[in-house]
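Numbering (my numbering), first residue to last: 3 to 268.
Idealized CB from N, CA, C, for every residue including glycine.
Computed from a prediction, not measured in an experiment: that's the story for all the values here.
Next comes the structure, spelled out in structure tokens:
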């Protein structure tokens with residue numbers, strides 16, 4: 003009796019355990035719809051019943067919304083009798099409507115969770131699956147997604163450089179031509195004296211002026227392209243191994259021993 007009472011203290015609602023939560027690898031089914039084996043919705047998951055010693059969820063506490071039940075009834079379904087479908091956010095149980103009624107609890111009975119109730123629930127579960135042993139098979143599923151990361155950087159800038167250019171330019175210049183011509187018809191006496199003639203010489207001077215002129219425009223844009231990349235990863239899966247006396251295993255509707263016995267008759 004003492005062991006049973008100690009075991010009773012191990013069970014608690016997850017909502018009442020502040021430091022307990024569902025691991026990140028597993029979905030939290032609270033708030034999900036519960037669907038029976040016939041595909042009909044029978045309720046919604048309200049809470050999870052945790053075995054605090056083993057740190058495992060043993061039962062799913064649901065509010066039954068099936069028309070056949072009294073409104074507001076609650077039931078505790080063993081976790082071994084359900085399958086979770088996270089994509090549809092539903093819980094599928096293999097319990098029939100008749101079997102579900104055996105797990106119904108109301109009021110204080112649902113709140114106390116006494117050891118006697120757990121024994122009755124376990125007995126009902128055993129009777130519902132008489133001579134049935136269950137072994138689950140799991141496998142890893144590969145979930146591939148994408149996330150945005152910086153693959154690199156393109157920098158477009160400009161700088162100033164100096165280049166020497168040569169361009170031909172035409173300009174006008176003046177030259178002085180000096181000619182000596184003999185004088186044959188002089189009419190008066192000549193005088194000897196000094197003298198000079200000043201002739202200004204003009205030319206065009208090249209003036210260089212520089213000013214910036216826009217020659218072209220650089221336009222930088224980003225485009226999104228889609229490419230296919232082959233992703234490879236190792237996933238693990240469980241295989242079912244059958245050993246022992248294989249003659250006692252019914253694989254195709256009849257064991258080897260049964261087939262052999264039928265062949266020897268007559």
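Note down the Cα distance separating residue i from residue j, rounded to an integer number of angstroms.
i           : j           : result
residue 230 : residue 148 : 12 Å
residue 77  : residue 145 : 34 Å
residue 221 : residue 158 : 10 Å
residue 153 : residue 223 : 16 Å
residue 172 : residue 186 : 43 Å
residue 17  : residue 86  : 20 Å
residue 248 : residue 20  : 50 Å
residue 47  : residue 244 : 36 Å
residue 27  : residue 156 : 39 Å
residue 111 : residue 105 : Per-residue confidence for residue 111 stands at a pLDDT of 43, beneath the threshold of 50, marking its modelled position as unreliable; no derived number is given.
residue 242 : residue 225 : 50 Å
residue 83  : residue 246 : 28 Å
residue 61  : residue 227 : 49 Å
residue 65  : residue 52  : 17 Å
residue 95  : residue 75  : 17 Å
residue 170 : residue 219 : 30 Å
residue 191 : residue 205 : 40 Å
Kindly indicate the opening and closing residues of the alpha helix (DSSP H) around residue i.
i           : result
residue 100 : 99 to 103
How far does the beta strand (DSSP E) with residue i in it extend, from its first residue to its last?
i           : result
residue 94  : 92 to 95
residue 45  : 43 to 53
residue 36  : 35 to 37
residue 59  : 58 to 66
residue 85  : 84 to 87
residue 140 : Premise fails: residue 140 is in no beta strand (DSSP E) and is neither H nor E.
residue 22  : First-last for residue 22: undefined, no H or E at that position.
residue 15  : 13 to 15
residue 78  : 76 to 80
Could you say which of the options lies nearest to residue i if we only look at CA atoms?
i           : options           : result
residue 24  : 34, 58, 46 and 47 : 58
residue 207 : 175, 50 and 61    : 175
residue 40  : 52, 196 and 99    : 99
residue 177 : 197, 202 and 188  : 202
Stretch-stretch touch, CB-based, cutoff 8 Å, three pairs: the region 136 to 144 with the region 159 to 167 = No, the region 136 to 144 does not touch the region 159 to 167.
message = Across the region 25 to 43 and the region 85 to 99, are there enough close Cβ pairs to call them in contact, namely three or more that are closer than 8 Å?
response = Short answer: they touch.
task = Scan the region 178 to 265 and note each continuous alpha helix (DSSP H) run of 4 residues or more that stays entirely inside, going in chain order.
result = Runs of the alpha helix (DSSP H) inside the region 178 to 265: none found.
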